[in-house]
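Offset between the sequence shown (1-based) and the numbering used here: plus 8. Just so you know, even glycine gets a beta-carbon here, dropped at the ideal spot from N, CA and C. The model shown is predicted, which means the values in this text are computed figures rather than measured ones. Here the structure comes first, spelled out in structure tokens, and everything after it is commentary.
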Amino acid sequence: MKQFPSIRGAGRRRRKTRLFSPDAMGIDEAAALLRAGRLIAFPTETVYGLGADATNPRAVAALYAAKGRPSFNPLIAHLPDLDAAFEQGRFNASARALARAFWPGALTLVVPLGARTSVCELARAGLASVALRVPAHPLAHELLRKAGVPIAAPSANRSGHVSPTLSSHVMADLDGRIDAVINGGPTAIGLESTIVACLSTEPALLRAGGIPREAIETVVGKLGGHESGSGTVSRGAHKKSPCTAPSMAPDNPRPLSPGLLASHYAPRAKVRLEAHAIEPREAALLFGNVRPKGLEHAEAVLNLSETGDLTEAAANLFGHLRRLDAMLAGKRSPRIAVSPIPELRLGEAINDRLRRAAAGR
């Protein structure tokens, strides 16, 4: 595996993290700081992202260090519009169809490098492909437009921890490690983008996310995914295991996109899935109109959606995991028991995040 220049300490100096208002002045200042190589967290429709100039290796190294993220894990480059994204990669017919159908929106496409790709090698983890997204959030769009460069923006949290859906979540994880956060309120979707690899004639699902598989398949037909080794954690897989193609580059152990590591999105408390009963000292994360056996003894109880609405559940998932984690702080052997959630539409992405949260660390 190619070794990149050391990022140790690149983003770990203590600094005052400022909170910007989501107005023209705040966006202008944030864009100027991004162009200067600084780290800015900002809201998208999915989760808050931690932005750095994707063309600047020093800025990208600082981003990896601030998150504590391994540099073999590639980043998604965010662009303001389709034309800017098309300059960064080679889009086959499937990729163009998906881009036109879902951009701006919660879809990331992994495509081969283009002749004019400006996303630096460190942001791509040395791969011959690049992950691209055009977000739909108006604040993110304006920030990207004013920054004038592709912005690498993984979730704005410590690596492996629960993703942030509020600016306060960002501050809890990264205060003193980044330059500023734009406070844009709660994110709408609450799950990261869906990632589709368009590296051959057959698109493959690498990560379930904010756009359901069913919607994507109406555009390009059946996706490769679980069965083809996308790296999506299969039902019941709670142990670390190597990912296989297409989630891993040929002859290269690096993942093709973010979100494919076996353990990810994890609270400090252990997570137990498919819980039909609550055990002593557990907190309960429910879904729908259910009352598991032993619920009256739970340390804390939250419901992703009492009506069984998967869109509401997705928006609440990370915030509820963070709240339950805080409620269990100081408890001996804390654990969160999660009710079963249907494996359809956004439920596929919710279950993917929960399985990775439950994986051994």
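### Query
Going by other Cβ atoms of all chains shown within 10 Å of its Cβ, with 16 needed for buried, is A160 buried or exposed?
A residue is called buried once 16 or more other Cβ atoms fall within 10 Å of its Cβ, and A160 is buried on that count.
### Task
Measure the C-alpha to C-alpha separation of S242 and I48 and round it to an integer number of angstroms.
Any answer about S242 is weak, because its pLDDT of 36 lies below 50 and its placement is not dependable; what the coordinates show is given next. Rounded to the nearest angstrom, the two C-alpha atoms are 34 Å apart.
#### Entry: Span of the beta strand (DSSP E), counted from its first residue to its last, around A212
A212 to R215
### Task
Give me the Cα-Cα distance between A131 and G97, rounded to the nearest whole angstrom.
14 Å
### Task
Answer with buried or exposed for L352, where buried requires no fewer than 16 other C-beta atoms within 10 angstroms of its C-beta.
exposed
### Query
So, using beta-carbon positions, are G198 and L325 closer together than 8 Å?
yes
### Query
What do you get for D89, buried or exposed, if any count of 16 or more other CB atoms within 10 angstroms of its CB means buried?
exposed
### Query
DSSP three-state call for R280: helix, strand or coil?
strand
### Query
Closest to A133 by CA distance: which of L293, R26, A39 and R262 is it?
Selected option, being the one with the closest Cα: R262.
#### Entry: Own chain, CB closer than 7 Å to E307, minus 5 neighbours either side, in chain order
R289, E290, A291, M335, L336 and K339
### Close-in-space but distant-in-sequence residues of the same chain around P350 (CB under 6 Å, 5 per side omitted)
For P350, where only same-chain residues beyond five positions count, there are no Cβ hits under 6 Å.
### Query
In terms of alpha-carbon separation, which member of L27, T63 and H305 lies closest to A180?
L27
#### Entry: Cβ contact (3+ pairs, closer than 8 Å) linking the stretch 199 to 209 and the stretch 113 to 122
yes
### Query
How big is the Cα-Cα spacing for C251 and G113?
For C251, the predicted model reports a pLDDT of 30, less than 50, meaning its position is unreliable; a value from the coordinates is still stated below. Distance between the alpha carbons of C251 and G113: 27 Å.
### Query
Run through DSSP, which three-state label would G34 get?
helix
### Query
If you compare alpha carbons, which of A105, E304 and G59 is closest to T148?
A small fix is needed here, since residue 148 is Ala in this sequence, not Thr. Nearest neighbour of A148 by Cα position, chosen from A105, E304 and G59, turns out to be G59.
### Exposed unless 16 or more other CB atoms sit within 10 angstroms - verdict on S29
exposed
### Task
Put K24 into one of helix, strand or coil per three-state DSSP.
coil
### Query
Under a Cβ-count criterion, where at least 16 other Cβ atoms within 10 Å of its own Cβ denotes burial, should L359 be classed as buried or exposed?
A small correction: the amino acid at residue 359 is Asn; Leu does not occupy that position in the sequence shown. Burial call: buried.
### Query
When the Cα atoms are used, what is the spatial distance from G296 to G327?
Annotation: G296 to G327 spans about 17 Å, alpha carbon to alpha carbon.
#### Entry: Sheet register partners of H86 (DSSP bridge)
DSSP, once it has assigned bridges, lists R141 and I159 as partnering H86.
### With 16 other Cβ atoms within 10 Å as the buried cut-off, status of T202
Burial call: buried.
### Query
Does the Cβ-Cβ distance between L293 and L318 come in under 8 Å?
no
### Three-pair Cβ contact test at 8 Å for the stretch 33 to 48 versus the stretch 177 to 194
yes
### Task
Enumerate in chain order the residues of its own chain whose CB-to-CB distance from A285 is below 7 Å, with the five nearest sequence positions on each side excluded.
P300, K301 and G302
#### Entry: H86 and P146 closer than 8 Å at C-beta
no
### Query
Alpha carbon to alpha carbon, how far is E235 from D31?
Bear in mind that a pLDDT of 37 at E235, under 50, signals an unreliable position, so the model cannot answer this.
#### Entry: Segment limits, beta strand (DSSP E) that includes P65
No beta strand (DSSP E) holds P65; the alpha helix (DSSP H) holding it covers P65 to K75.
### Task
Count the other CB atoms, across all protein chains shown, that sit within 10 Å of the CB of V227; report buried if there are 16 or more and exposed otherwise.
When all chains shown are included, V227 counts as exposed.
### Task
Compute the distance between the beta-carbons of K95 and R124, then report whether it is under 8 Å.
It is worth fixing the name first, because residue 95 is Glu in this sequence and not Lys. For E95 and R124, yes; Cβs fall inside 8 Å.
### Message
Let me confirm a value: S79 is counted as buried when at least 16 other C-beta atoms fall within 10 Å, else exposed. Which label applies?
### Response
buried
### Task
Just grab the DSSP bridge partners of D61 for me.
I159
### Task
Work out the CA separation of D333 and G355 for me, nearest whole Å.
The alpha-carbon atoms of G355 and D333 are separated by roughly 22 Å.
### Query
DSSP state of P120, grouped into three classes?
strand
### Task
Can you tell me which of L42, R153, P162 and N81 puts its alpha carbon nearest to the alpha carbon of R66?
L42
#### Entry: C-beta contact flag for H177 and Y56 at 8 Å
yes
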